[in-house]
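So the sequence shown is numbered by full-length UniProt numbering: it starts at 1 and just counts up by one. Heads up, the beta-carbon is just placed ideally off N, CA and C, and yes, glycines get one too. Just so we're clear, the structure is a prediction, and the values are computed from it rather than from any experiment. Have a look at the structure below, then the notes.
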Amino acid sequence: MPTQNSFTSKQARDLEALQTKARLIGTQEGKEKVKVVDHFKQQLGTSSPRPSTFDWSALGTSTPISPPWKPHFPKRRSKRPSSPCRGFTGIFFKSCWDIVKNDLSAAFNQLHNMNRQDFDLLNTGNIVLIPKKLDATRVGDYRPISRIHSIAKIFFKLLANKLAPLLDQLVSKCQSAFIRKRCIQDNFLYVQNVVRQFHKAKTPALFLKLDIQKVFDTINWSYLLEMLQACGFGPCWREWISILFSTTSSRALINGVPGESFDHRRGVRQGDPLSPMLFILAIDPLQKILDLATQQGVLTPLPLTAAKLRTSIYTNDAAIFLSPAHDQLQAIKQILLTFGVVTGLVTNFDKSSVHPIRCEDVDLAAILQPFQGACMTFPCKYLGLQLHTRPLQKVHGQRLAGWKGKLLNRAGCLTLITSVVSSMPTYHLTIFCLAKWARKKIDKVRHSFLWKGTDNAHGGHCLVNWPTICLTKNLGGLGVLDHDCFGCPLRLYNSKTWAGLLIPCNNADRLLFQASISISIGNGKKTKF
1 MPTQNSFTSK QARDLEALQT KARLIGTQEG KEKVKVVDHF KQQLGTSSPR PSTFDWSALG
61 TSTPISPPWK PHFPKRRSKR PSSPCRGFTG IFFKSCWDIV KNDLSAAFNQ LHNMNRQDFD
121 LLNTGNIVLI PKKLDATRVG DYRPISRIHS IAKIFFKLLA NKLAPLLDQL VSKCQSAFIR
181 KRCIQDNFLY VQNVVRQFHK AKTPALFLKL DIQKVFDTIN WSYLLEMLQA CGFGPCWREW
241 ISILFSTTSS RALINGVPGE SFDHRRGVRQ GDPLSPMLFI LAIDPLQKIL DLATQQGVLT
301 PLPLTAAKLR TSIYTNDAAI FLSPAHDQLQ AIKQILLTFG VVTGLVTNFD KSSVHPIRCE
361 DVDLAAILQP FQGACMTFPC KYLGLQLHTR PLQKVHGQRL AGWKGKLLNR AGCLTLITSV
421 VSSMPTYHLT IFCLAKWARK KIDKVRHSFL WKGTDNAHGG HCLVNWPTIC LTKNLGGLGV
481 LDHDCFGCPL RLYNSKTWAG LLIPCNNADR LLFQASISIS IGNGKKTKF
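Printed below as a string of structure tokens:
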């Protein structure tokens, strides 16, 4: 087994052995291809039956959508598709457009006219297995990424370009993934504010963190097509999606060698630009179902007026707030199980967790009896970010504990500080300013490691004051990040332009905003920000 330092990209791609339920299969036996193909045939090549009595018409309103694509192509494409494993690359189409435009237009005109004949020859893909960890021994330890034929990917891109501007109106506010004008910070801020209000009001509640397993691979096609019809997608759109689904086939790459080809029967592929949009449309009715359950009295309304949404969904991470009662948890579990049977989006309760809020006087053992996940306490992470700042500064100390700072020279310590320690709070800085106490503790850890190689150094060990160290090298400093100055442009980049900045703005904020503005001159009459 290679060590972490010797774990090369070649070794990351190679499958040395796969663990089955009975025994370990090595590559020398020549059976790893059969194992991988059987895994994806079971996951993507089989369809699961679902009840046909569920009425989806009540979950969405009719939204008229115009046809998404017209058979017109520009002479030169400004954006190219990602390099596929088969077919030609985007550079080829851009360079040789005058030569191939007639053939390519004929292929897309055939699709536009709902003719799926021989499209299965182009709608192919290779599944590349990316290891999630060093000791990956099972197929589930690898992340499957589909590398799709360039012709099919261009058609996926055309549909995605038409659908993307409409997602903000079609998808509820509880989701922000893959939607223009929304960002992951929206989900985090909403969850954090609701948790804080429950704590502040001393109101008992349960915060559920759910994991949806195999989100892209298990979506039921019949459900997805019916959902598109309920949302108002026209017959042309649904027929195009049906053609793309029914002609899909894939092969798994094992150490660079393609395996047996198999046809898909469910799921969407990770690798084409349309699949993420179809997924968020498929999971969006969950919010409507929970709202309907609240209206009919199955679920108790949240007591906080600010908690307008019970759910926060970001791809396969879902967060649900509910009252701490046995019947409430049982109802949520039954809703999720039924939703999984109908849609194919099954909740993995073993990887899910519940976090009680102000439940000191509540019998949690009896309430959580229907829940199979772990019961955990605050503070906790949501979407990779701590809901409280205090664990953030603890992480810095834990990271330094494994380093032999006293054995490093000052240049080595500086490299670790600038490349590792200083970048750790970057995600946090995209949303918040660091609290004054947190900034002082993090700066103390950084300057202590720089001057002494430990996490605790006195003022006598510091040869230069910290503000000078944070200056750029051309101004006499060492280029260590000043988190206050570094965080301001990060929050300006966010969709919430002035998040974390005081209103009215001071001169420094005005100068920063002016420096962030770029003006593109078009025809001399209009400007585009």
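Flag this pair as yes or no: are the beta carbons of residue i and residue j separated by less than 8 Å?
i	j	result
residue 446	residue 480	yes
residue 313	residue 283	yes
residue 207	residue 374	no
residue 539	residue 171	In this structure the chain extends from 1 to 529, so residue 539 is not present and cannot be described.
residue 167	residue 179	yes
residue 337	residue 328	no
residue 152	residue 122	yes
residue 385	residue 187	no
residue 209	residue 352	yes
residue 243	residue 358	no
residue 490	residue 430	yes
residue 487	residue 433	yes
residue 476	residue 468	yes
residue 228	residue 156	no
For residue i, which residues from the same chain have a beta carbon less than 7 Å from its beta carbon, with the 5 sequence-adjacent residues on both sides left out?
i	result
residue 132	141, 142 and 143
residue 270	144, 145, 146 and 216
residue 128	145, 147 and 253
residue 258	126 and 251
residue 54	The predicted model places residue 54 with a pLDDT of 35, which falls under 50 and marks its position as unreliable; any figure quoted below should be read in that light. Closer than 7 Å at the Cβ level, and outside the excluded window around residue 54, lie 342.
residue 443	466
In chain order, what residues of the same chain lie with their CB nearer than 6 Å to the CB of residue i, ignoring the 5 residues before and after it?
i	result
residue 293	299
residue 119	247
residue 406	453
residue 348	211 and 213
residue 59	No answer about residue 59 holds up, because its pLDDT of 30 lies below 50 and its placement is not dependable.
residue 304	197
residue 457	448 and 451
residue 82	Note on residue 82: pLDDT 45, under 50, position unreliable in the model; the coordinate value appears next. If we look at residue 82 and ignore the five residues flanking it on each side, it has no Cβ neighbours.
residue 333	370
residue 114	239
residue 276	178
Using C-beta distances below 8 Å, list every residue in its chain close to residue i, excluding the 5 sequence neighbours before and after it, in chain order.
i	result
residue 511	none
Closest to residue i by C-alpha separation, out of the options, would be which residue?
i	options	result
residue 371	193, 257 and 330	330
residue 169	154, 232, 483 and 418	232
residue 325	291, 433, 115 and 362	362
residue 256	126, 468 and 219	126
residue 268	95, 253, 286 and 223	223
residue 436	390, 113 and 136	390
residue 411	388, 397 and 449	449
residue 399	423, 378 and 385	423
residue 279	316, 309, 174 and 296	316
residue 158	420, 241 and 97	241
residue 559	308, 343 and 295	Since the first residue of the chain shown is 1 and the last is 529, residue 559 is not available in this structure.
Hey, residue i and residue j are a contact pair by Cβ (cut 8 Å); roughly how many whole angstroms apart?
i	j	result
residue 428	residue 392	6 Å
residue 249	residue 263	5 Å
residue 455	residue 402	That belief does not hold up - the Cβ atoms of residue 455 and residue 402 are roughly 12 Å apart, past 8 Å.
residue 219	residue 345	7 Å
residue 174	residue 311	5 Å
Per the DSSP calculation, residue i is bridged to which residue(s)?
i	result
residue 126	147 and 251
residue 464	Paired residue(s): none; residue 464 is not in a bridge.
residue 375	354
residue 257	254
residue 262	250
residue 542	Not covered by the structure: residue 542. The range shown for the chain is 1 to 529.
residue 207	321 and 355
Please confirm if residue i has its CB atom under 8 Å from at least one CB of chain E.
i	result
residue 156	This model lacks chain E altogether, as it is built from one protein chain only.
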